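Peer 1: Count the sequence shown with UniProt numbering and you get residues 1 to 275, in order. Ideal placement from N, C-alpha and C gives every residue a C-beta, glycine not left out. Bear in mind the structure is a predicted one, so any value in this text is a computation, not a measurement. Right, I'll just put the structure down here and ask away after.
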Amino acid sequence: MDMPTTTLKVKTSHGTIAVETRGAGFPVVFIHGNSACRAVFQKQMLSPLLDSYHLISFDLPGHGDSEDAKDRARTYSRPGLADLVIELLGELGIDHAAIVGASLGGHIAIEMLSRSNISRGQFLMGTPAVGSNFSEGFVSKPLNGLASRGELTSEEVREFAELVYGSDFEPFMQRAIERADREFRGNLFSAARSGAGVNQRAVLELTTVPTAIVNGENDAIINLDYVDSVRYANLWRGKCFRIPNATHSPFWEVPHIVNHLLSEFLKELTGRRSN
């Protein structure tokens, strides 16, 4: 069934946010990563496998078609972004949802667990649940240091895009990186270094919220062995998935596999009901 998508602008205390929605039923919220935009989830938003759900994607503050944050120090941190998502969903009248997070989006999803009861399940990709030692979750400095740098050259933008999306990245992804608020990346990592946010490893070792872990087996950014070492309290199907022929963004590189897994996760989460 061909269902149209709806776009709207939603005012929040963090700034005006660009939102895209499709369908009806149980809400599924997609949160993109650092210096990305909602369009990276187009292969999920348009998937027939997800037709029976209310799909919601949006641009984080300082990204895509959303405004830069009104107060960067308040918003550009994991806790600040989690507060933004909670407020945004409140404005949309959504009090429960499955949260699909990619990279930073997954960190935001975990942060939300200690701040609201909206999440009924989370589907995390490219997201190591960082504990007291942030670096353990990554192979080296995230994106060779580009993830925290304000100004990027055109060559660095291309490197950023290829590391995140693989060799088949598209021009809109580079434009999203270039558009991102120059203060976003530095503020985000500065806040993390200062201890902002929860111990995410501890959260996932305690939460009863069903958690799916899906990563590309060739991800050169995150430490997959670290991801597997977390003692998840409620790990979907009892294992962390490593998807062949994919790097940091399996939802983009191998959407047929990810969409199938997400569909199965949502069926189990909702008791095979869509509302």
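I want to know whether the segment 195-205 touches the segment 153-165 - three or more CB-CB distances under 8 Å.
Peer 2: no
Peer 1: Would you identify the three-state DSSP class for THR127, choosing helix, strand or coil?
Peer 2: Reduced to three states, the DSSP call for THR127 is coil.
Peer 1: Residue range of the alpha helix (DSSP H) that ILE94 falls in?
Peer 2: First-last for ILE94: undefined, no H or E at that position.
Peer 1: Please confirm whether PRO250 and VAL214 have their CB atoms less than 8 Å apart.
Peer 2: yes
Peer 1: Does the Cβ-Cβ distance between ILE17 and ILE108 come in under 8 Å?
Peer 2: no
Peer 1: Pull up the distance between the alpha-carbon of THR208 and that of LEU89, whole angstroms please.
Peer 2: 21 Å
Peer 1: Residues in the same chain with beta-carbon distance under 6 Å from SER13, minus the five sequence neighbours each way, listed in chain order, please.
Peer 2: none
Peer 1: Count the other CB atoms, across all protein chains shown, that sit within 10 Å of the CB of ARG135; report buried if there are 16 or more and exposed otherwise.
Peer 2: A small fix is needed here, since residue 135 is Ser in this sequence, not Arg. Under the 10 Å beta carbon count, SER135 is surrounded by fewer than 16 other beta carbons and is classified as exposed.
Peer 1: With distances taken from CA atoms, which of ASP181, GLY126, GLY271 and TYR165 is nearest HIS63?
Peer 2: Considering only alpha carbons, the answer is ASP181.
Peer 1: Candidates SER52, PHE138 and PRO128: which alpha carbon is nearest GLU205's?
Peer 2: PRO128
Peer 1: What is the C-beta distance between SER103 and GLY137, in whole angstroms, given that I count them as a contact (C-beta under 8 Å)?
Peer 2: About 11 Å; that fails the 8 Å criterion.
Peer 1: Considering only DSSP beta bridges, list what PHE241 is partnered with.
Peer 2: VAL214
Peer 1: Please report the straight-line C-alpha distance between THR247 and GLY166, rounded to a whole angstrom.
Peer 2: 6 Å
Peer 1: My guess is that LEU269 and ARG120 are in contact by the Cβ rule of under 8 Å, so how many angstroms apart are they, rounded?
Peer 2: 6 Å
Peer 1: Determine whether the beta carbon atoms of ARG237 and ARG185 lie at a separation below 8 Å.
Peer 2: Note that the C-beta distance between ARG237 and ARG185 is not below 8 Å.
Peer 1: So the alpha helix (DSSP H) LEU60 belongs to, where does it begin and stop?
Peer 2: No alpha helix (DSSP H) holds LEU60; DSSP gives it neither H nor E.
Peer 1: Could you check the C-alpha separation between VAL164 and ALA69 for me, to the nearest Å?
Peer 2: 24 Å
Peer 1: Can the beta-carbon of SER66 be found less than 8 Å from the beta-carbon of GLY15?
Peer 2: yes
Peer 1: Since LEU143 and ILE56 are thought to touch, with beta carbons under 8 Å apart, how far apart are those beta carbons, to the nearest angstrom?
Peer 2: Not quite, the Cβ-Cβ distance comes to about 27 Å (not below 8 Å), so this is no contact.
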